[in-house]
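Worksheet: one structure, shown below.
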Amino acid sequence: MLFTNYKKTTNPDMWFALVDCNNFYASCERIFTPNLEHKPIVVLSNNDGCIIARSQESKSIGIKMGIPLYKAKEIIENFNVHVFSSNYTLYGDISQRIMNSLFKFTPHVEVYSIDEAFLDISKEDKNLLKYGTEIRTKIKQWIGIPVSVGIGKTKTLAKLANEFVKKGISSNGVYVIHNLDNEKVPLEKIELEDIWGIGKRVGRKIRSMNIKTISELMSLNQEKISRKFNINIQRTIFELHGIQCINLENVPKKKKSICVSRSFKKQISCIKKIEEALTNYITTAAEKLRKNRLLATTMIVFLHTNPFRRSVTQHHESITYHFSNPSNDTRFFIRTSFSILKKMFKDKILYHKAGIILQDLIPEDEYQQELFPEEERDKSTKLMSAIDELNHKMGRGTLIYASEGIKKNWVSKSFKKSNAYTTQWDQIPIVKAY
DNA sequence: TCTGGGGTCCTAGGACCC
DNA sequence: TCTGGGGTCCTAGGACCC
21 MLFTNYKKTT NPDMWFALVD CNNFYASCER IFTPNLEHKP IVVLSNNDGC IIARSQESKS
81 IGIKMGIPLY KAKEIIENFN VHVFSSNYTL YGDISQRIMN SLFKFTPHVE VYSIDEAFLD
141 ISKEDKNLLK YGTEIRTKIK QWIGIPVSVG IGKTKTLAKL ANEFVKKGIS SNGVYVIHNL
201 DNEKVPLEKI ELEDIWGIGK RVGRKIRSMN IKTISELMSL NQEKISRKFN INIQRTIFEL
261 HGIQCINLEN VPKKKKSICV SRSFKKQISC IKKIEEALTN YITTAAEKLR KNRLLATTMI
321 VFLHTNPFRR SVTQHHESIT YHFSNPSNDT RFFIRTSFSI LKKMFKDKIL YHKAGIILQD
381 LIPEDEYQQE LFPEEERDKS TKLMSAIDEL NHKMGRGTLI YASEGIKKNW VSKSFKKSNA
441 YTTQWDQIPI VKAY
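Sequential numbering from 21 applies to the first sequence in our numbering.
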C-alpha cells in the first residue's frame with residue numbers, strides 16, 4: 021500500500037552490509053597489550069582532556085562517552101581502568117589494513133569512516149548471515165580487531181541491523197534485517213535517535229508529534245511524511261521501509277574543506293602563543309593540501325573562548341579571507357593568518373581554542389592549466405583586462421558570479437573592487453579571453 | 001519620492017555523522 | 001583546575017538584482 025511509486029524503482033536483490041569495528045580505538049590499543057583483554061580501557065582526546073573511546077568493560081561500568089577525564093577519575097581508580105593517550109597514526113594504519121581486507125570480499129566498498137565501511141553485497145552468496153560471519157571471523161583473524169556486521173536492503177537498514185548487534189540482540193556479531201515492515205524484529209529496543217540520520221533535535225521534533233517509536237514513525241503515510249519532514253528525514257523513513265534512497269559511494273568524494281583546530285591545554289591571552297599554535301595548524305593543513313594535490317582560495321581563522329565557562333562572556337572571533345591566487349604555500353598561509361589574527365585578536369580575553377579552515381579547494385593541475393599557462397604567470401592584470409573586455413561586450417546588467425569555489429571567490433573579489441559586471445563563469449571563456 | 005515581487009547568491013548557524 | 005576534532009549538507013535571512 022505505502023510508497024508504491026517508490027517501490028517500483030527499488031531493486032529487490034539489493035543488499036548492503038555495514039562493517040563496524042567494535043570500540044575501535046580501544047581495540048587498536050588492545051592489539052599491542054593483549055593482557056588487557058577483558059579489562060576496562062579508555063582512550064583520551066588530544067590534550068588528554070576527555071574520554072573519546074571505551075572498551076566494552078568501560079562502557080559496562082558506566083563511563084560515558086566524551087566526558088572530561090577528571091569527571092571519571094574516581095571510577096577509573098576504583099575499577100583499575102587502563103588509560104591511553106590517543107595515537108591517531110596507529111588507528112589510521114590499522115583502519116587502512118581493515119579496509120584493504122574488506123576489498124578481498126568485494127570491490128564494492130565504501131569507506132565511510134575510520135572504523136566503518138559499507139559493502140554492496142547484492143551479488144554475493146544468498147546466505148547473508150554466513151557471509152557476514154565470515155567477514156567478521158576473517159577480520160578478527162587477520163587484523164585482530166573485532167567487528168560487527170549489520171545487513172539490510174538499504175544502508176539505513178544495515179546501520180540499524182548493526183545497532184541490533186550493539187544492543188546485544190544478536191549474540192554472534194551479525195544481524196540481518198530482511199524486511200522491517202512484516203518481520204518480527206525487536207524494534208522496541210531501539211530508540212528513534214539510534215536511527216542513522218536522526219539526531220537529538222529531530223528526535224525531539226518527532227516525539228513532539230506524539231510519535232514515540234520506530235514502528236509509529238514507519239506507519240505514517242507518504243503524504244504526511246513529505247509534509248512534515250525535510251528531504252533527508254523523508255529518505256531515512258523510506259530507507260527503513262526498504263526503499264533505497266542512498267547509494268553506495270565507492271569513489272571517495274573530493275575534499276571540500278580542510279580544518280585543523282585544537283583547544284589549548286591552558287587558556288591563552290597572549291597573541292604570540294596563538295601565533296605559535298596557528299603556525300602548527302597551518303603546517304598540518306598545508307601538508308594535507310599538498311598531499312591531495314589541492315590549492316585553497318579561502319582561509320578562515322577562528323578563536324573561541326571556553327564554552328564550558330558559562331559565567332564568562334563568550335567570544336567567537338572569526339575572519340574569512342579570500343586569496344587573490346589559490347595557494348598551498350605554508351609560509352604564505354602563515355603570514356596571512358598572522359595578519360588576520362592581528363585584526364581580530366582582542367586583549368585580555370582568555371582564549372580556549374583556535375583553528376583554521378581552508379576551503380574552496382581545487383586540484384592543482386586543473387587550476388594551472390585553466391588559468392595560468394606557463395608563459396602567463398603574471399596574469400592578474402591581463403586577466404582583469406580580459407574580463408573587462410568581455411564585460412564590455414556583454415553589456416552592463418548582469419552581476420558576475422562563478423559557479424565553483426575558487427574561481428568564484430577570486431573573481432568576485434576582483435570584481436567587487438573594479439565594479440565590473442559579469443555573468444555565469446561557465447559562460448565566460450576566461451582562458452580564451454587572453 | 002513613493003511603491004512590489006520574484007529571483008539568486010552568500011553567509012552563518014544548525015544539524016547530522018564519525 | 002581539567003570538557004575532542006574533522007567533516008558534510010541544509011536552511012533561513014540578508015543583500016542585491018531586475
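C-beta: ideal position from N, C-alpha, C; glycine also.
Let me confirm a value: residue i is counted as buried when at least 16 other C-beta atoms fall within 10 Å, else exposed. Which label applies?
{"i": "Tyr108", "result": "exposed"}
{"i": "Asn202", "result": "exposed"}
{"i": "Val271", "result": "exposed"}
{"i": "Gln116", "result": "exposed"}
{"i": "Phe328", "result": "exposed"}
{"i": "Cys48", "result": "buried"}
{"i": "Asp385", "result": "exposed"}
{"i": "Glu77", "result": "buried"}
{"i": "Ile87", "result": "exposed"}
{"i": "Glu208", "result": "exposed"}
{"i": "Ser80", "result": "exposed"}
{"i": "Lys220", "result": "exposed"}
{"i": "Gly417", "result": "Note that Gly417 has pLDDT 29, beneath the 50 cutoff, so the model's placement of it is unreliable and the number below is only indicative. Label assigned to Gly417: exposed."}
{"i": "Pro32", "result": "exposed"}
{"i": "Gly188", "result": "exposed"}
Since residue i sits in a beta bridge, which residues does DSSP pair it with?
{"i": "Phe104", "result": "Val63"}
{"i": "Thr340", "result": "Ile320"}
{"i": "Glu211", "result": "Answer is none; Glu211 lacks a bridge partner."}
{"i": "Phe138", "result": "Leu38 and Glu130"}
{"i": "Gln379", "result": "Ser277 and Thr318"}
{"i": "Ser190", "result": "In the DSSP output, where bridge partners are listed per residue, Ser190 has none listed."}
{"i": "Pro88", "result": "Cys70"}
{"i": "Ser347", "result": "Ala316"}
{"i": "Ser283", "result": "Lys373"}
Flag this pair as yes or no: are the beta carbons of residue i and residue j separated by less than 8 Å?
{"i": "Met364", "j": "Leu323", "result": "yes"}
{"i": "Phe104", "j": "Val63", "result": "yes"}
{"i": "Phe138", "j": "Leu260", "result": "no"}
{"i": "Lys373", "j": "Arg227", "result": "no"}
{"i": "Leu309", "j": "Leu378", "result": "yes"}
{"i": "Ile253", "j": "Gly217", "result": "yes"}
{"i": "Ile159", "j": "Ile118", "result": "yes"}
Going by CA-CA distance only, name the one from the options that's closest to residue i.
{"i": "Ile302", "options": "Thr126, Glu57, Ile72 and Arg355", "result": "Arg355"}
{"i": "Lys225", "options": "Lys204, Phe249 and Pro206", "result": "Phe249"}
{"i": "Gly193", "options": "Ile171, Glu49, Val205 and Ile266", "result": "Ile171"}
{"i": "Lys124", "options": "Lys146, Pro54, Glu384 and Ile155", "result": "Ile155"}
{"i": "Asn348", "options": "Ala305, Glu337, Ile320 and Gly375", "result": "Ala305"}
{"i": "Phe343", "options": "Leu361, Ile320 and Lys362", "result": "Ile320"}
{"i": "Thr333", "options": "Leu370, Leu315 and Thr350", "result": "Leu370"}
Please look up how many angstroms separate the CB atoms of residue i and residue j, rounded, as I've assumed it's under 8 Å.
{"i": "Thr256", "j": "Ile215", "result": "6 Å"}
{"i": "Met85", "j": "Ile71", "result": "7 Å"}
{"i": "Ile44", "j": "Tyr132", "result": "The sequence shown places Phe at residue 44, rather than the Ile named in the question. With 8 Å as the limit, Phe44 and Tyr132 do not qualify as a contact, their Cβ atoms being about 13 Å apart."}
{"i": "Ser191", "j": "Asn182", "result": "The pair is not a contact, with the Cβ atoms about 15 Å apart (cut-off 8 Å)."}
{"i": "Ile360", "j": "Ile339", "result": "5 Å"}
{"i": "Glu130", "j": "Glu269", "result": "5 Å"}
{"i": "Ile163", "j": "Tyr151", "result": "Their Cβ separation, rounded to whole angstroms, is 18 Å, which puts Ile163 and Tyr151 out of contact at 8 Å."}
{"i": "Ile61", "j": "His102", "result": "5 Å"}
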